[in-house]
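**Q** One structure follows; several queries about it will come next.
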Amino acid sequence: MFAPTEKSKNNLINENINENKIFVVGNTIVDAVYQNLKHPSGILNKLNINNNEYILITIHRQENVDNKERLYNILKGLYRIYEHYSIPIVYPIHPRTKKMIKKFNLYIPKYIKIIEPVGFFDFLQLEKNASIILTDSGGVQEEACILKVPCITLRYNTERPETIDIGANILVGTDEKQIFNGFKKMINKKRNWINPFGNGKSSKKIIELIT
Numbered sequence: 100m101f102a103p104t105e106k107s108k109n110n111l112i113n114e115n116i117n118e119n120k121i122f123v124v125g126n127t128i129v130d131a132v133y134q135n136l137k138h139p140s141g142i143l144n145k146l147n148i149n150n151n152e153y154i155l156i157t158i159h160r161q162e163n164v165d166n167k168e169r170l171y172n173i174l175k176g177l178y179r180i181y182e183h184y185s186i187p188i189v190y191p192i193h194p195r196t197k198k199m200i201k202k203f204n205l206y207i208p209k210y211i212k213i214i215e216p217v218g219f220f221d222f223l224q225l226e227k228n229a230s231i232i233l234t235d236s237g238g239v240q241e242e243a244c245i246l247k248v249p250c251i252t253l254r255y256n257t258e259r260p261e262t263i264d265i266g267a268n269i270l271v272g273t274d275e276k277q278i279f280n281g282f283k284k285m286i287n288k289k290r291n292w293i294n295p296f297g298n299g300k301s302s303k304k305i306i307e308l309i310t
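Written out as structure tokens, the structure is:
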């Protein structure tokens, strides 16, 4: 059995899995991130944004976007952030979120740069060059941690607890005040954490173990 982290291994042991059958190999998402960062992307030039001078947000989870109050509170939190810091916000909007914003008759202010969803190469560059990321995505929490970009998770729980443990990520839920306070805490966060998900050679380790 292959575990991405020591924490995952301990969880399996607590479920009475034989420790000798568990191998910590890292997470293959690290392999994918490192390999695909090499691909060229002109997304920053296309959007006329500069490295480390914008906020990246992603919101798509059903419990957030299908709930008018939660979605509205997230937008209010973004307003407070922009009002205080005046940092441009880039939002590759998910079709579901776009649909619900229209249904709820919510207003997206001009300081939020709404763009259509982008491919993985472009999105990696948006993540890598952001000053901070706000998200409700599990995968984005991992990618932000790997890329050493501070992350704020717009949820009340996470399946990536390692990102919390090392200080790369915090949970703020969808409360306007908590979103703003979380931003104040993380915007100047030192990016000196050690990525707990491996060194980008997980696939190689797995192959070596099964052959």
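Per my numbering, the sequence shown starts with residue 100, numbered consecutively.
Ideal placement from N, C-alpha and C gives every residue a C-beta, glycine not left out.
Check whether the Cβ atoms of residue 193 and residue 159 lie closer than 8 Å to each other.
**A** Cβ distance < 8 Å, so residue 193 and residue 159 count as in contact.
**Q** In terms of residue numbering, what span does the alpha helix (DSSP H) encompassing residue 263 cover?
**A** Start and end: 260-264.
**Q** Flag this pair as touching only if the stretch 270-278 and the stretch 141-151 have three or more C-beta atom pairs under 8 Å; answer yes or no.
**A** Touching, no.
**Q** Look at the alpha carbon of residue 239 and the alpha carbon of residue 117, and state the distance between them as a whole number of angstroms.
**A** Cα to Cα, residue 239 sits roughly 31 Å from residue 117.
**Q** Apply the 10 Å Cβ neighbour rule to residue 278 and answer buried if 16 or more other Cβ atoms are within range, or exposed otherwise.
**A** Buried is the call here.
**Q** Specify, as a first and last residue, the run of the beta strand (DSSP E) that residue 234 falls within.
**A** Where residue 234 is concerned, the enclosing beta strand (DSSP E) stretches over 231-234.
**Q** So, are the CB atoms of residue 136 and residue 247 less than 8 Å apart?
**A** Not in contact: residue 136 and residue 247 (Cβ atoms no closer than 8 Å).
**Q** Among 283, 250, 119, which one has its Cα closest to the Cα of residue 181?
**A** Among 283, 250, 119, the Cα nearest to that of residue 181 belongs to 283.
**Q** Taking 8 Å as the cut-off, does the stretch 194-210 touch the stretch 296-310 (at least 3 CB pairs, one atom from each stretch)?
**A** These segments do not touch.
**Q** On the criterion of 16 or more Cβ atoms from any shown chain inside 10 Å, does residue 285 qualify as buried, or is it exposed?
**A** With 16 or more Cβ atoms within 10 Å of its Cβ, residue 285 is classed as buried.
**Q** Start and end of the beta strand (DSSP E) containing residue 268?
**A** Run containing residue 268: 268-270, per the beta strand (DSSP E) assignment.
**Q** According to DSSP, residue 101 sits in a beta bridge with which residue or residues?
**A** For residue 101, which the question treats as bridged, DSSP gives the partners 122.
**Q** What first and last residue would you give for the alpha helix (DSSP H) that runs through residue 286?
**A** That residue, residue 286, is in no alpha helix (DSSP H); it is neither H nor E in DSSP.
**Q** Please look up how many angstroms separate the CB atoms of residue 234 and residue 253, rounded, as I've assumed it's under 8 Å.
**A** With 8 Å as the limit, residue 234 and residue 253 qualify as a contact, their Cβ atoms being about 7 Å apart.
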